[in-house]
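Numbering (the UniProt record's numbering), first residue to last: 1 to 399. See below for the structure under consideration.
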């Protein structure tokens, strides 16, 4: 079982479409000569509201017939991911193997109710993702496959396995900042993994992991920079907007041997040190150029020279505008508003998306940089020591 507690009910919805709908037989007797039992459709895959939205009523439990479920995200440089659900069922004898092969042929050739439900659910989830993140998301490029894996296939050393895979391309799944990608803002209430469920993130060749939080249970390399895959296994629950994963092209990621980078909010942009060097070099070159322009002019009137020196001194006294990290910008805004603002006001002042502000504030709250208080339908964000009195209006001192 995998779920999001509230908000986008993602993974466990997709799990159900691939598993509950299979109606798997529970014993060897049910396999023999009853090929029609494979893929038998239930009377109801999920309850729906009058608007057609899937509810969580029947989506919480994965069927016991599956011994392992894997949800894998393959991340591409353009910010899209391929979401794949893979469900494995042991096949204990030749009768079960033959029955599953017959079922696989039908599943791969026909557009079954299982596959139709999977597509509809994915489309609903991308619509909810669009609403939650203010990014236009779509579910496209669907595929499905059922097959019998041989011993040793896919790294499995056990006997024959019946496998069902269904996937789709989720566009704009990641939050993008230049060439950097961030996964996490769609997990509004945190991900939850049930027993025997794995959540795997695989990077494409054009990307490297730079930050992963919380630490994955396993990874394919010696550290996140060299790893192609990172994996969490159930049973476990994550905090809101977690897991959080950041990726970047090899030329822009942080050169580090640290296994898991700390979660420091958005922090200073990785290109800031480069910009600082460019500014210093450019400033030095400009000073040399100005000096070279002055030296040949040996007949300058003393008064003109004094005025020029004063103008130069005045110019050098103007400091360049400070480059602030996202968290520093929020704290600066709070300082300007007596240490306290509504979350909606921060969204308006920064012109950031609601999801970015919400995720950033959660990071800052985890680091004790700010506090949040729910008042009605609004979050009141405060610097430490500026928290509102719970007994009165949060802004009564401004009224």
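Ideal Cβ placement from N, Cα and C applies to all residues, glycine included.
Using only the alpha-carbon positions, how far apart do residue i and residue j sit?
| i | j | result |
| --- | --- | --- |
| residue 388 | residue 219 | 44 Å |
| residue 99 | residue 122 | 29 Å |
| residue 371 | residue 386 | 9 Å |
| residue 367 | residue 361 | 10 Å |
| residue 103 | residue 93 | 16 Å |
| residue 188 | residue 239 | 9 Å |
| residue 68 | residue 199 | 11 Å |
| residue 192 | residue 85 | 15 Å |
| residue 221 | residue 72 | 17 Å |
| residue 207 | residue 75 | 8 Å |
| residue 129 | residue 213 | 21 Å |
| residue 133 | residue 143 | 26 Å |
| residue 81 | residue 174 | 8 Å |
| residue 326 | residue 227 | 28 Å |
| residue 162 | residue 341 | 55 Å |
| residue 402 | residue 105 | Because the chain here runs from 1 to 399, residue 402 falls outside it and cannot be looked at. |
| residue 217 | residue 70 | 14 Å |
| residue 329 | residue 337 | 13 Å |
| residue 120 | residue 324 | 43 Å |
| residue 349 | residue 244 | 25 Å |
| residue 113 | residue 141 | 18 Å |
| residue 79 | residue 202 | 13 Å |
| residue 241 | residue 131 | 15 Å |
Around the Cβ of residue i, are there at least 16 other Cβ atoms within 10 angstroms (buried) or fewer (exposed)?
| i | result |
| --- | --- |
| residue 215 | exposed |
| residue 89 | buried |
| residue 126 | buried |
| residue 210 | buried |
| residue 151 | exposed |
| residue 351 | exposed |
| residue 375 | exposed |
| residue 185 | buried |
My output table needs one value for residue i: the three-state DSSP class, helix, strand or coil.
| i | result |
| --- | --- |
| residue 85 | strand |
| residue 112 | coil |
| residue 150 | coil |
| residue 182 | strand |
| residue 359 | helix |
| residue 12 | In this predicted model, residue 12 has a pLDDT of only 43, less than 50, meaning its place in the structure is not dependable; the value taken from the coordinates is given anyway. Correct three-state label for residue 12: helix. |
| residue 215 | coil |
| residue 107 | helix |
| residue 129 | helix |
| residue 187 | coil |
| residue 383 | coil |
| residue 326 | helix |
| residue 141 | strand |
| residue 174 | coil |
| residue 198 | strand |
| residue 121 | helix |
| residue 97 | helix |
| residue 230 | strand |
Check each candidate in the options and name the one with the smallest Cα separation from residue i.
| i | options | result |
| --- | --- | --- |
| residue 183 | 172, 193 and 192 | 172 |
| residue 101 | 349, 79, 227 and 149 | 149 |
| residue 225 | 137, 113 and 251 | 251 |
| residue 246 | 185, 228 and 180 | 180 |
| residue 118 | 136, 83 and 96 | 83 |
| residue 97 | 146, 369 and 138 | 146 |
| residue 405 | 331, 344 and 135 | The structure shown does not extend to residue 405, since the chain is modelled only from 1 through 399, so no value can be given for it. |
| residue 177 | 202, 343, 135 and 160 | 135 |
| residue 339 | 124, 381, 137 and 115 | 381 |
Checklist entry - Pairing CB atoms from the segment 228-235 with CB atoms from the segment 164-171, are three or more of them under 8 Å? => result no
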